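Since the structure comes first, as C-alpha cells, the remarks are kept for the end.
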Amino acid sequence: MQFSDLGLSEKVLRAVEKSGYTTPTPIQEQAIPHALAGRDVLGIAQTGTGKTAAFTLPMLSRLEQGRARARVPRTLILEPTRELAAQVEEAFNKYGAEHKLNVALLIGGVSFGDQEAKIMRGADVLIATPGRMLDFFERGKLLLSGIEILVIDEADRMLDMGFIPDIEKICKLVPFTRQTLFFSATMPPEITRLTEQFLHNPARVEVARAASTVETTTQVLVASHGGGDKRETLRRLLRSAEGLKNAIVFCNRKRDVGIVHKSLEKHGFPVGALHGDMDQASRMASLDAFKNGAVDILVCSDVAARGLDIPDVSHVINFDAPTHPEDYVHRIGRTGRAGRSGHAITIVTDHDAKYIAQIESLIQRQIDWDGPRLEELAAPEYVERDRERAARSGERPRRGGRGDRERSGRERTGGRKRAAEEATGPAPRETAPREHETAPRQEATRQEAPRSRRASRPAEDEPRRASRPAEDEPRRKAPRRREEDDAPVVGMGDHVPSFLLRSTRTKSVKTAE
Ligand code: AMP
Numbered sequence: 000m001q002f003s004d005l006g007l008s009e010k011v012l013r014a015v016e017k018s019g020y021t022t023p024t025p026i027q028e029q030a031i032p033h034a035l036a037g038r039d040v041l042g043i044a045q046t047g048t049g050k051t052a053a054f055t056l057p058m059l060s061r062l063e064q065g066r067a068r069a070r071v072p073r074t075l076i077l078e079p080t081r082e083l084a085a086q087v088e089e090a091f092n093k094y095g096a097e098h099k100l101n102v103a104l105l106i107g108g109v110s111f112g113d114q115e116a117k118i119m120r121g122a123d124v125l126i127a128t129p130g131r132m133l134d135f136f137e138r139g140k141l142l143l144s145g146i147e148i149l150v151i152d153e154a155d156r157m158l159d160m161g162f163i164p165d166i167e168k169i170c171k172l173v174p175f176t177r178q179t180l181f182f183s184a185t186m187p188p189e190i191t192r193l194t195e196q197f198l199h200n201p202a203r204v205e206v207a208r209a210a211s212t213v214e215t216t217t218q219v220l221v222a223s224h225g226g227g228d229k230r231e232t233l234r235r236l237l238r239s240a241e242g243l244k245n246a247i248v249f250c251n252r253k254r255d256v257g258i259v260h261k262s263l264e265k266h267g268f269p270v271g272a273l274h275g276d277m278d279q280a281s282r283m284a285s286l287d288a289f290k291n292g293a294v295d296i297l298v299c300s301d302v303a304a305r306g307l308d309i310p311d312v313s314h315v316i317n318f319d320a321p322t323h324p325e326d327y328v329h330r331i332g333r334t335g336r337a338g339r340s341g342h343a344i345t346i347v348t349d350h351d352a353k354y355i356a357q358i359e360s361l362i363q364r365q366i367d368w369d370g371p372r373l374e375e376l377a378a379p380e381y382v383e384r385d386r387e388r389a390a391r392s393g394e395r396p397r398r399g400g401r402g403d404r405e406r407s408g409r410e411r412t413g414g415r416k417r418a419a420e421e422a423t424g425p426a427p428r429e430t431a432p433r434e435h436e437t438a439p440r441q442e443a444t445r446q447e448a449p450r451s452r453r454a455s456r457p458a459e460d461e462p463r464r465a466s467r468p469a470e471d472e473p474r475r476k477a478p479r480r481r482e483e484d485d486a487p488v489v490g491m492g493d494h495v496p497s498f499l500l501r502s503t504r505t506k507s508v509k510t511a512e
C-alpha cells in the first residue's frame, strides 16, 4: 500500500514525500482511513511504530477546512510528558510545513505568558500535558467547546502517572460529538473502562504486542557488586562495550541519576542528565545535547523511557534493573529504532537480581549473561584483602561477593559517603553531612514549604491544585513510586503544620482554674 491510497490531502502527501517515507507503517495503514472518515480509533501500538504520524497526518488533512478562534482550539492532543508533547509539536511542524496552522504547546515548567499568547491567537492544534491544560481551563483562559478532534496518546503511561482522573474530566469537558483518537501500548482494565466510557464505536487497530522487545536489539546481563563497584562496572562498559557510539543510562531513582551523572562527569565522560525534577529548559537542553551529539551519554530516570524518538542510540544501559518489567521493554525500545541494530545491557547486583526473572517472564525469553553470572562473581578486591588479613590474624573476615550488601551499617554509611565523594569530590570534613543528618532533609523541606501563606500559593507556572501530581511523575501504587522517593513535596505534603500541633489554652480550662 502507498500513502496515496490512504485518502490523505495533496499537501499532506507532499510533506510525507519530503520526509522520505515511502510506505505507510501498519498502524498508519490501518488507522489513517478510519481517522479521515471521522471515526473514533482505538490504536494499540507502542512508540516506534509510526503512531505519531498515524494521527498527525489525518488531522492535518481534516484541519484544512475551517479556522481557529481566539481561546477556542480546534483539536487537542494530550501527552503524558513534556518531552512527548514537544515531540508531537515537532511532528506537526514537519508534516504541516505547507499548512498555515497555529500549533500551541501547553506544558509545565514554561511561563504561562507565551503559551497564553498562542492560545489567544487561535490554536488549530493544542498539544498539552493534562495538568497544565486544566490549569488554563480553570483560569478561564481556554474554552474546550470547539474541540473537533481529541487525541489521547500513551494512555497507559497516563495511568501510571495518575492522570486518569484528569483525562476523564477533560473527556467530559470537550463536546460529545468530537472525534477521539486513543492510543495505548497496553490495555489494562482501567484503560479498557475509559475507552468504553468515552469512545463511540471505535475502529480497533492493533499492531504489536506490548511486551515484545525489538528483534534488532541484543540483550545481555552484566553481573556486578553494588555501590562504587557498580559505577565502576558502568564505566568499564562505557569504555569497552562493542560498537558503543552513544548510550542512555537508566537509573530507578532521580537521586541516583544525579550521583551517576556527577560520577561520570568527574571521570571525564561527556554526559548529560534527564529526570522529572529538572526544570524544563534544562531537560530540553540535555535532550538536545544528546540528540546533536554534544554529549554521548544521557543518564535518565524513567521519564525518558517511553516514546522519546532519538533515532540513533547504539546502547541502552540499565544501571538499575527496572522494578516493573514493562519499563524494561520501554527502556530498551530507545535503541534498535527504525531497523537499526541496538544493544541493551542490564547491570545486575544482588539487589537487582529479583527483577530479572519478572522481565524474562514478560518478554518470554532468557537474557544471556555477558561475563560471569551473579553467583560466579568473584568477591571484590577489598574483601579478598580482608580475607587475607583475617586469615593472617585469625579474625572472622567481612562477608563479600553475594553478601556484599549485608555489610554492617557503619560500612554501608562509608560506602555511601564514598559514593557522594566520588560524585562531587571529597567533602570538607566539617561540612560533610553525617548519615543521620542527610536523611531528614526532605522532611525539613516539608516543614518549611507552607510556613508562609505566599509560599503555599502556586507560582504562575506551577499546577494550581496541590492534589494534582507533579507533571511527568508517576503517582500510582507504592512500588512504582521509586522514582518519586526523592521527589520534592508539592503544596502541604502530608505533614501537619507546627502551629496546629502547638498546645492551646481554651476558655473552659480557664474557668476551671
Ligand atoms: P513514532 O512511533 O511515532 O514515535 O515514530 C517512530 C519513528 O518512525 C519516527 O522517527 C518517525 O519519523 C518514523 N516514521 C514514521 N512513519 C514512518 C514511515 N511511514 N516510514 C518510515 N519511518 C516512519
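Taken in order, the sequence shown gives residues 0 to 512; the numbers are from numbering that gives the first Met the number 0.
For every residue, glycine included, the Cβ atom is placed at its ideal position computed from N, Cα and C.
Just so you know, these numbers come straight off a predicted model, no measurement behind them.
What are the start and end residues of each continuous beta strand (DSSP E) run of 3 or more residues lying completely inside the region 186-231, in chain order? 202-205, 216-222
Identify whether residue 30 lies in helix, strand or coil by the three-state DSSP scheme. The count along the sequence shown starts at 1 and reaches residue 30 at position 31. It is helical.
What do you reckon, is the C-beta of residue 185 under 7 Å from a heavy atom of ligand 1? Here residue 185 corresponds to residue number 186 of the sequence shown, with the count starting at 1. The answer is no for residue 185.
If I follow the unbroken beta strand (DSSP E) through residue 170, where does it start and stop? For this step, residue 170 is matched to residue 171 along the sequence shown. No beta strand (DSSP E) holds residue 170; the alpha helix (DSSP H) holding it covers 163-172.
Taking 8 Å as the limit between beta carbons, can you name the residues of its chain near residue 35, skipping five residues before and five after? The count along the sequence shown starts at 1 and reaches residue 35 at position 36. Closer than 8 Å at Cβ, skipping near neighbours: 5, 6, 7, 57, 60, 61.
is_contact[residue 314, chain D] using C-beta, thresh 8 Å: The structure shown contains no chain D, having only a single protein chain.
Should residue 94 be listed as close to ligand 1, given that the test is whether its C-beta is under 7 Å from any heavy atom? The residue given as residue 94 occupies position 95 in the sequence shown. No; taking the cut-off as 7 Å, the Cβ of residue 94 has no heavy atom of ligand 1 nearer than that.
Residues near residue 303 in its chain [Cβ-Cβ closer than 6 Å; skip 5 each side]: The count along the sequence shown starts at 1 and reaches residue 303 at position 304. These residues qualify, in order along the chain: 273.
Same chain, Cβ closer than 8 Å to residue 83, five either side skipped, listed in chain order: In the sequence shown, counting from the first residue as 1, residue 83 sits at position 84. Leaving aside the five residues that flank residue 83 on each side, the residues in its chain whose CB is nearer than 8 Å to its CB run, in chain order, 152, 153, 305, 306, 307.
Residue 326 versus residue 358: straight-line alpha-carbon distance, rounded: Looking up residue 326 in the sequence shown gives position 327. Looking up residue 358 in the sequence shown gives position 359. Rounded to the nearest angstrom, the two C-alpha atoms are 9 Å apart.
Distance cut-off 7 Å: residue 27 Cβ against heavy atoms of ligand 1: Position 28 of the sequence shown holds residue 27. Yes, ligand 1 has a heavy atom inside 7 Å of this Cβ.
Residue 269 Cβ short of 7 Å to ligand 1 heavy atom set: In the sequence shown, residue 269 corresponds to position 270, counting from 1. False, no ligand heavy atom lies under 7 Å from that Cβ.
Relative to ligand 1, is the shortest distance from any of its heavy atoms to the C-beta of residue 52 smaller than 7 Å? Along the sequence shown, read from residue 1 onward, the residue named residue 52 stands at position 53. Yes, the beta carbon of residue 52 sits closer than 7 Å to at least one heavy atom of ligand 1.
What residue ranges within the region 125-152 form continuous beta strand (DSSP E) runs of no fewer than 3 residues, ordered along the chain? The region 125-152 contains these whole beta strand (DSSP E) runs: 148-151.
In three-state terms, what does DSSP make of residue 55? Counting from one through the sequence shown, the residue named residue 55 turns up at place 56. In the structure shown, residue 55 sits in a helix (DSSP, three-state: H, G or I).
Within the present structure, is the beta-carbon of residue 292 separated from the nearest heavy atom of ligand 1 by less than 7 Å? Here residue 292 corresponds to residue number 293 of the sequence shown, with the count starting at 1. Incorrect: residue 292 has no Cβ contact closer than 7 Å to ligand 1.
For residue 0, count the other beta carbons within 10 Å of its own beta carbon; 16 or more makes it buried, fewer makes it exposed. Which is it? Translated into positions along the sequence shown, residue 0 becomes position 1. Residue environment for residue 0: exposed (fewer than 16 other C-beta atoms within 10 angstroms of its C-beta).
Bridge partners for residue 181 per DSSP, in chain order? Counting from one through the sequence shown, the residue named residue 181 turns up at place 182. BP columns for residue 181 point to 41, 151.
With H, G and I counted as helix, E and B as strand and the rest as coil, what does DSSP make of residue 305? The residue given as residue 305 occupies position 306 in the sequence shown. If DSSP states are grouped into helix, strand and coil, residue 305 belongs with coil.
Tell me whether residue 155, by its Cβ, gets closer than 7 Å to a heavy atom of ligand 1. Your numbering for residue 155 matches position 156 in the sequence shown. Not so, every heavy atom of ligand 1 lies at least 7 Å from the Cβ.
Quick test of the definition: if touching needs 3 or more C-beta pairs under 8 Å, does the region 97-107 touch the region 121-129? yes
Consider the C-beta atom of residue 23 and the heavy atoms of ligand 1; say whether any pair is separated by less than 7 Å. The residue given as residue 23 occupies position 24 in the sequence shown. For ligand 1, at least one heavy atom lies less than 7 Å from the Cβ of residue 23.
Using CA atoms only, rank isn't needed, just tell me which of 265, 268, 294, 254 is closest to residue 275. Here residue 275 is taken as the residue at index 276 of the sequence shown, counted from 1. Out of 265, 268, 294, 254, 254 has the C-alpha closest to the C-alpha of residue 275.
May I ask which residues mark the beginning and end of the beta strand (DSSP E) holding residue 314? Translated into positions along the sequence shown, residue 314 becomes position 315. Counting along the chain, the beta strand (DSSP E) containing residue 314 begins and ends at 314-317.
How many Å lie between residue 117 and residue 145 at the Cα? Indexing the sequence shown from 1 puts residue 117 at position 118. Indexing the sequence shown from 1 puts residue 145 at position 146. When rounded, the distance between both Cα atoms is 16 Å.
Any heavy atom of ligand 1 within a distance shorter than 7 Å of the CB on residue 216? Taking the sequence shown and counting its residues from 1, one reaches residue 216 at position 217. Answer for residue 216: no, Cβ out of range of ligand 1.
Looking at ligand 1, does it come within less than 7 Å of residue 308, judged from the CB to the closest heavy atom? For the purposes of this step, residue 308 is taken as the residue at position 309 of the sequence shown. It does: the Cβ of residue 308 is within 7 Å (strictly closer) of some heavy atom of ligand 1.
Which residue marks the beginning of the beta strand (DSSP E) containing residue 342, and which one marks its end? By one-based count along the sequence shown, residue 342 stands at place 343. Residue 342 -> beta strand (DSSP E) spans 341-347.
Three-state secondary structure assigned by DSSP to residue 287: Within the sequence shown, the letter at position 288 stands for residue 287. Helix, per DSSP.
Going by other Cβ atoms of all chains shown within 10 Å of its Cβ, with 16 needed for buried, is residue 517 buried or exposed? The question about residue 517 has no answer here: the residues shown for the chain are numbered 0 through 512.
Where does the unbroken beta strand (DSSP E) through residue 71 begin, and where does it stop? Mapped onto the sequence shown, residue 71 falls at position 72. Per DSSP, residue 71 belongs to no beta strand (DSSP E) and is neither H nor E.
Run the CB neighbour count on residue 285, radius 10 Å, all protein chains shown included, and call it buried at 16 or more, exposed below. As a position in the sequence shown, residue 285 is number 286, starting the count at 1. By the 10 Å Cβ count, residue 285 comes out buried.
For residue 293, which residues does DSSP report across the bridge? Locating residue 293 in the sequence shown gives position 294, counting from the first residue. DSSP, once it has assigned bridges, lists no residue as partnering residue 293.
Cβ separation of residue 206 and residue 48, assumed to be a contact under 8 Å, to the nearest whole Å: Within the sequence shown, numbered from 1, the residue matching residue 206 stands at position 207. Within the sequence shown, numbered from 1, the residue matching residue 48 stands at position 49. Rounded, the Cβ-Cβ distance is 5 Å, consistent with contact.
With a cut-off of 8 Å on the beta carbons, I'd call residue 260 and residue 298 a contact; round off their distance for me. The sequence position of residue 260 within the sequence shown is 261, counting from 1. The sequence position of residue 298 within the sequence shown is 299, counting from 1. Between the beta-carbon of residue 260 and that of residue 298 there is about 4 Å, and that keeps the pair under the 8 Å contact cut.
What is the DSSP secondary structure of residue 248, counted as helix, strand or coil? If you number the sequence shown from 1, residue 248 lands on position 249. In the structure shown, residue 248 sits in a strand (DSSP, three-state: E or B).
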